[in-house]
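For the sequence shown, my numbering gives the first residue as 23, with consecutive numbering after it. Every residue, glycine too, gets a C-beta built ideally from N, C-alpha and C. One structure is given below, encoded as structure tokens.
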Amino acid sequence: MTIALHEILKIRILDAIRSVQPPGGWKVVVVDEASLKIIESACKMFDILEEKVTLVENLEKPRQAYQSLDAVYIITPTYESINKVIEDRKNGPLYAGVHLFFTSRPDDRLLHMVDSSLPKEYMRQRHDLFIEFHAKEAHVYSFESPSSFFKLYSPADTEFDNELRIIAKKLLSVCISMGENPLIRYQRSLDSDHATKALPYKLAMLVQNELDSYVRLNPGFPVNII
């Protein structure tokens, strides 16, 4: 029996929160705007609060300090969000310790930024969840990125390659969450010199590279997700 996408996403999110077991039992969850939308596509607030969460807070807004509680950060791997996490420690710190969960894997520059700014005794754990997609229905997902069409098909746009890399990383999240290492097929254009015509090939190669890199680091993948 195939598990619905929103159930897969819900399990991955709640398992991350559940893995944080501070001495007092209770914790705070902190999210950014993008990760909140991902979470809301699969979870109700009640589901999160049931995991001994006192409250869910927005990373981008001013927050009260809870220096006796650990914080579970579920955030997108962007410079802005990571910088906010670092500022939370400098300004207080706001919490007793942090458990950092990224919606997808940060690049090396951002990882260095985290490791050089947050001491190990403060950053209790750091994991990549690979949940960079929105569950719309049982077998339907979306990246909620309407600007992608213009970036990929506008002749004047300079973000073509970067947008393809972003999409490839999000497709990797879908594959990992589903426990699938797919055989990728695509329609190859005869006019491969034109960027848009070469799009299927370029995207296929980027996704394959992402999957190959993940499998090298996780040789047991794929595994049964149930």
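TODO: Tell me whether residue 62 is buried or exposed, calling it buried when 16 or more other Cβ atoms sit within 10 Å of its Cβ.
DONE: So residue 62 ends up on the exposed side.
Task: Whole-angstrom distance between residue 164 and residue 248, CA atom to CA atom - done: Caution is warranted here: a pLDDT of 39 is assigned to residue 248, below 50, making its placement in the model unreliable, and the coordinate value is therefore given only provisionally. So the alpha carbons of these two residues sit roughly 23 angstroms apart.
- [ ] Please determine, among 160, 224 and 206, the residue with the shortest C-alpha to C-alpha distance to residue 184.
- [x] Closest by C-alpha distance to residue 184, out of 160, 224 and 206, is 224.
Task: Nearest-angstrom Cα separation, counted from residue 235 out to residue 208 - done: Rounded to whole angstroms, residue 208 and residue 235 show a C-alpha spacing of 20 angstroms.
Open item on the list: Would residue 50 pass as an interface residue toward chain C - the criterion being a Cβ-Cβ separation below 9 angstroms?
Closed with: No chain C is present in this structure, which holds just one protein chain.
Open item on the list: Which residue wins for smallest C-alpha separation from residue 89, given the options 69, 50 and 71?
Closed with: If we check each option's Cα against that of residue 89, 50 comes out closest.
Open item on the list: Could you compute how far the alpha carbon of residue 41 sits from the alpha carbon of residue 211?
Closed with: Roughly 47 angstroms between the two C-alpha positions.
Open item on the list: Taking 8 angstroms as the cut-off, is the beta-carbon of residue 50 closer than that to any non-hydrogen atom of the ligand ADP?
Closed with: This structure lacks the ligand ADP; in fact it carries no ligand of any kind.
TODO: Give the DSSP-derived three-state secondary structure of residue 157 in the structure shown.
DONE: In the structure shown, residue 157 sits in a strand (DSSP, three-state: E or B).
Task: Best match in 46, 192 and 226 for proximity to residue 60 [C-alpha to C-alpha] - done: Ranking 46, 192 and 226 by Cα distance to residue 60 puts 192 first.
Open item on the list: Does residue 53 come out as helix, strand or coil in the three-state DSSP assignment?
Closed with: Here residue 53 carries a strand assignment [DSSP, helix/strand/coil].
TODO: Entirely within the stretch 51-100 and at least 4 residues each: give me those alpha helix (DSSP H) ranges in chain order.
DONE: Look at the stretch 51-100 and you find these whole runs of alpha helix (DSSP H), each 4 residues long or longer: 55-62 and 67-71.
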